[in-house]
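Heads up: the structure comes next, in structure tokens.
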Amino acid sequence: MNEILSQVFSAGTFTQMLRSATPVALAAMGGSMTEHAGIMNIGMDGMILMGALIGVLGSYVIGSAVGGVAAAVLFGILVGLFFALFVVKLRSDEFIIGCALNIFASGFTAYVSRAVFGLSGTSGYEIDYMRPIEIPLIKDIPFLGEIISGNTALVYVAWLLILVMWAFVYRTPYGFWMRASGEKPETLRTAGISPEKMKWLSSVLCGMLCGLSGAYLSLGYLNGTFVEGMSASRGFIAFACVIFAAANPAKAYLAALMFGFFDAIGLRLQNYISSDLTSAIPYAITVIMMVYVVVSKERKRRSLQPRHDAAAAQPPAEG
Amino acid sequence: MRLRINWSYILALTVSIAAALVIGAAILLISGYDPLKAYAAMLSGAFSNARHIGDVLEYAMVLCLCGVACDIGSRVGIFNVGGEGQLLLGAIVAAQIGVALNGLSAWIVIPVAGLGAALVGGLYALLPGWLKVKHRVNEVITTIMLNNIAEFVCEYLAKGPWKNPDNNIVAGTGNLPQTYWFTRLATGSNLTTVFFVATGMTILTWYVMQKTATGYEMRLTGDNPRFARFAGLKTDRIVLIAMLVSGMMCGLVGMFRVYGAEHIYKASISNDYYFEGLMVAMIAKYQVLPTAVISVLFAILKIGAQGMETAAGVPNQIYLIIQTVVIFSMAAESGIVSDIKRRMADKSARLAARQRAKEGAANE
Numbered sequence: 001m002n003e004i005l006s007q008v009f010s011a012g013t014f015t016q017m018l019r020s021a022t023p024v025a026l027a028a029m030g031g032s033m034t035e036h037a038g039i040m041n042i043g044m045d046g047m048i049l050m051g052a053l054i055g056v057l058g059s060y061v062i063g064s065a066v067g068g069v070a071a072a073v074l075f076g077i078l079v080g081l082f083f084a085l086f087v088v089k090l091r092s093d094e095f096i097i098g099c100a101l102n103i104f105a106s107g108f109t110a111y112v113s114r115a116v117f118g119l120s121g122t123s124g125y126e127i128d129y130m131r132p133i134e135i136p137l138i139k140d141i142p143f144l145g146e147i148i149s150g151n152t153a154l155v156y157v158a159w160l161l162i163l164v165m166w167a168f169v170y171r172t173p174y175g176f177w178m179r180a181s182g183e184k185p186e187t188l189r190t191a192g193i194s195p196e197k198m199k200w201l202s203s204v205l206c207g208m209l210c211g212l213s214g215a216y217l218s219l220g221y222l223n224g225t226f227v228e229g230m231s232a233s234r235g236f237i238a239f240a241c242v243i244f245a246a247a248n249p250a251k252a253y254l255a256a257l258m259f260g261f262f263d264a265i266g267l268r269l270q271n272y273i274s275s276d277l278t279s280a281i282p283y284a285i286t287v288i289m290m291v292y293v294v295v296s297k298e299r300k301r302r303s304l305q306p307r308h309d310a311a312a313a314q315p316p317a318e319g
Numbered sequence: 001m002r003l004r005i006n007w008s009y010i011l012a013l014t015v016s017i018a019a020a021l022v023i024g025a026a027i028l029l030i031s032g033y034d035p036l037k038a039y040a041a042m043l044s045g046a047f048s049n050a051r052h053i054g055d056v057l058e059y060a061m062v063l064c065l066c067g068v069a070c071d072i073g074s075r076v077g078i079f080n081v082g083g084e085g086q087l088l089l090g091a092i093v094a095a096q097i098g099v100a101l102n103g104l105s106a107w108i109v110i111p112v113a114g115l116g117a118a119l120v121g122g123l124y125a126l127l128p129g130w131l132k133v134k135h136r137v138n139e140v141i142t143t144i145m146l147n148n149i150a151e152f153v154c155e156y157l158a159k160g161p162w163k164n165p166d167n168n169i170v171a172g173t174g175n176l177p178q179t180y181w182f183t184r185l186a187t188g189s190n191l192t193t194v195f196f197v198a199t200g201m202t203i204l205t206w207y208v209m210q211k212t213a214t215g216y217e218m219r220l221t222g223d224n225p226r227f228a229r230f231a232g233l234k235t236d237r238i239v240l241i242a243m244l245v246s247g248m249m250c251g252l253v254g255m256f257r258v259y260g261a262e263h264i265y266k267a268s269i270s271n272d273y274y275f276e277g278l279m280v281a282m283i284a285k286y287q288v289l290p291t292a293v294i295s296v297l298f299a300i301l302k303i304g305a306q307g308m309e310t311a312a313g314v315p316n317q318i319y320l321i322i323q324t325v326v327i328f329s330m331a332a333e334s335g336i337v338s339d340i341k342r343r344m345a346d347k348s349a350r351l352a353a354r355q356r357a358k359e360g361a362a363n364e
């Protein structure tokens, strides 16, 4: 048992946690944007998947991982525009469009990957991927250094983005308008700002971040390989993180970190339990997370209610 | 019985499918295939012989039942996106029942397996349904997570406790004894007598949802739950029952796949088939009869695309692209139509205003 615990809580687990959390976190930050703008975006999984493919494809064509990431982000903008075209401009059901986007992504990526790389996928191809970055000084700190240093660039970009996205949402007028476009679109319109434009903006940001997430998945997490269906429902886990964090990008990162932690523990426990069962852990945690959010909200509401009731039910003061 | 035909819907669907085929052709052209040849290969892949036609009907059956399962949920306002997991669990339980009860008469084993599959699928759908009704937990996310969990659990069972004794099969349950196999309707095809059962299930669902008080109550619950509650309906119970039935149907699809087509549980029992059924249901706007018709169309696309892959080397995923383009254009249609209507209304209002202004000027 001690042996298991020491394995589970080793620095390796926390490194793995960061690796697993980053793609979910990037997508969850993007999902926070659309959530603030009042769009229920369940198409993130497809956005990630397409980002993963375009990342590999870009890296293959351009010959550098940075080019791949740039291609994935640019393509993510296109996907965001496409999503907004339907959801905002044409007012289609966002659930249907999200679902269709996911299925489109699975067909599109499989088709393109087979048409370009052949049946066996990217395995035989030389594709530049993101190498881990060793940070001098920090890497010598015991335990922490091992975790913080030696990650791929996008892990650090994600840290930067926590700050940027948080500041954007809560400290800039655009973020303010974007939140208003979801909560009180009519008020925003009265103030002379188009809520539709803010929704378009949120969708494009979400597309970008999901593209980045996909690029991390294929170029960072899997060293330059594309596997069909490799997003593995991460987009939905990201969505759960968004709900969990009430669309606060910084909290969404923490929620993703929690997911990453359980994913890492699952991977560690593979020596003891069937890997199929441990792979199910993060998904089960996500369900529990969703239930927890809703139940705790409910409890908060209920704990407030009786006081109102008590006040209302109190007999008028004598005299 | 009178069927109302919605011509504008049929027109939109036809235009959407045509547009999707054109976009598909463009994609084929860009990736260096001859679209005409590819589509010809697709047609012959779907219709060239009895076996292919049988496969088309079998796949249409799977799509239709999955779509109808989705219809049942969305009619009462809950989206069962978890059909894939329910299907897989139903399939593995049915397969294992067949293996465990080997030796008993088919008249016992098949009903027991069907019951087991339906029960497992139904209960697995009931969980997110209960969470939704009781705690308002978003069912889309929970059902999708449950899909993944079911997938891994089945993988575990098929590799571990219920593994096939044959070591060449890495992940799969034991072989289903041949006496339990459904009778094939065309040699070499997956089409079996269960097709008639599926047709019966679809017609029954249509009848209940369209022609009975239960169906009316379901629609009321889905369209306006507050009003339904004021009218004295137990909406929570209706949602739960709908979810149960929806899950049972998915579980049965799993059983049909095992006893009709694969004769063993393995991962290929369903390759996101439920999601394709879900798309069919979406295009059909959650109506049962259109779901059945569109299932056949998409089954032709899918089986045809597989033939196309062998004949012309085109990756068969092109059919997924074509299918989703149909959805996108169907979803766009309502937006475009309402946009045009709004513009026309604006125009006529402007004209009327100008008219009034003119009259006012003339009167002065």
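Going down the list, the protein sequences come from chains A and B. If you count by the numbering used here, then the first sequence holds residues 1 to 319, one letter each, in order. If you count by the numbering used here, then the second sequence holds residues 1 to 364, one letter each, in order. Cβ atoms here follow ideal geometry from the backbone N, Cα and C, with glycine treated the same way. No experiment lies behind these values; they were computed from the predicted model shown.
By a C-beta neighbour count over all protein chains shown, 10 Å radius and 16 as the cutoff for buried, is Lys-266(B) buried or exposed?
-> Lys-266(B) should be labelled buried.
Which residues of chain A have a Cβ atom closer than 8 Å to the Cβ of Glu-367(B), listed in chain order?
-> With chain B running from 1 to 364 in the structure shown, residue 367(B) is simply not present.
Buried versus exposed call for Lys-132(B) [16 or more other C-beta atoms within 10 Å across all chains shown] = Lys-132(B) should be labelled buried.
Contact residues within the region 299 to 320 of chain B, judged by C-beta distance below 8 Å to chain A = Pro-315, Gln-317, Ile-318, Tyr-319, Leu-320
Would you identify the three-state DSSP class for Asn-147(B), choosing helix, strand or coil?
-> helix
Buried or exposed: which applies to Asn-2(A), given that a residue is buried once 16 or more other Cβ atoms fall within 10 Å of its Cβ?
-> exposed
For the alpha helix (DSSP H) that contains Ile-273(A), what are its first and last residues?
-> Premise fails: Ile-273(A) is in no alpha helix (DSSP H) and is neither H nor E.
Taking 8 Å as the CB-CB cut-off, is Asp-93(A) touching chain B?
-> yes
What residue does the alpha helix (DSSP H) around Met-330(B) start on, and which one ends it?
-> 318 to 363
Environment of Gln-317(B) [buried if 16+ CB atoms lie within 10 Å] | With 16 or more other Cβ atoms within 10 Å, it is buried.
Cβ of Ala-232(A) within 8 Å of Cβ of Phe-244(A)?
-> The Cβ-Cβ distance between Ala-232(A) and Phe-244(A) does not fall below 8 Å.
Between the region 320 to 333 of chain B and chain A, which residues of the former have a C-beta closer than 7 Å to a C-beta of the latter?
-> Leu-320, Ile-321, Thr-324, Ile-327, Phe-328, Ala-331, Ala-332
Positions along the region 204 to 218 of chain A whose CB lies within less than 7 Å of some CB in chain B | none
With Leu-87(B) and Gly-121(B) assumed to form a contact (beta carbons below 8 Å), what rounded beta-carbon distance in angstroms separates them?
-> 7 Å
Return no unless some Cβ of chain B is closer than 8 Å to the Cβ of Leu-90(A).
-> yes
How long is the line joining the alpha carbons of Gly-63(A) and Asp-128(A), rounded to whole angstroms?
-> 6 Å
Tell me, which residues are paired with Gly-147(A) by DSSP?
-> It is worth fixing the name first, because residue 147(A) is Ile in this sequence and not Gly. Per DSSP, none; premise fails for Ile-147(A).
Just grab the DSSP bridge partners of Ile-133(A) for me.
-> Asn-151(A)
Verify whether the separation of the beta carbon atoms of Gly-98(A) and Gly-43(A) is less than 8 Å.
-> yes
If we call anything under 8 Å between Cβ atoms a contact, is Ala-94(B) one with Val-245(B)?
-> For Ala-94(B) and Val-245(B), no; Cβs fall outside 8 Å.
Return yes when the C-beta of His-263(B) is under 7 Å from any heavy atom of the ligand GTP, and no when it is not.
-> Of ligands this structure carries none, so the ligand GTP is not represented either.
Can you find at least 3 beta carbon pairs, one from the region 92 to 110 of chain A and one from the region 39 to 59 of chain A, that sit closer than 8 Å?
-> yes
Would you kindly report the start and end of the unbroken alpha helix (DSSP H) that includes Asn-102(A)?
-> 94 to 117
Cβ distance (whole Å) where Val-239(B) is taken to contact Thr-221(B) below 8 Å = 7 Å
Beta-carbon spacing of Val-68(B), Thr-199(B) below 8 Å | no
Going along the chain, which residues of its own chain have a beta-carbon closer than 6 Å to the beta-carbon of Tyr-274(B), five neighbours each way excluded?
-> Closer than 6 Å at Cβ, skipping near neighbours: Cys-66, Gly-83, Glu-84, Leu-87.
Quick one: which residues of the region 135 to 155 of chain B get their C-beta closer than 9 Å to a C-beta of chain A? List them in chain order.
-> His-135, Arg-136, Val-137, Asn-138, Val-140, Ile-141, Thr-142, Ile-144, Met-145, Leu-146, Asn-147, Asn-148, Ile-149, Ala-150, Glu-151, Phe-152, Val-153, Cys-154, Glu-155
Is Thr-192(B) helix, strand or coil by DSSP?
-> strand
Where does Arg-184(B) sit, in a helix, a strand or coil, going by DSSP?
-> strand
Simplified DSSP state of Ala-310(A), which is helix, strand or coil | For Ala-310(A), the predicted structure reports a pLDDT of 47, less than 50, and the residue's modelled location is therefore unreliable. A value from the coordinates is still provided. Annotated three-state conformation of Ala-310(A) is helix, per DSSP.
Chain B contact residues for Phe-239(A), given Cβ-Cβ distances below 8 Å | Ile-141
Can you name the residues of chain A whose CB is closer than 7 Å to the CB of Leu-131(B)?
-> Val-291
Gln-287(B) classed as buried or exposed, judged by whether at least 16 other C-beta atoms fall within 10 angstroms | buried
Counted within 10 angstroms of its Cβ, other Cβ atoms place Ile-78(B) as buried (16 or more) or exposed | buried
Return the chain-ordered list of same chain residues with a C-beta closer than 6 Å to the C-beta of Arg-229(B), the five sequence neighbours on each side being excluded.
-> Hits under 6 Å: Thr-235.
Does DSSP classify Thr-291(B) as helix, strand or coil?
-> helix
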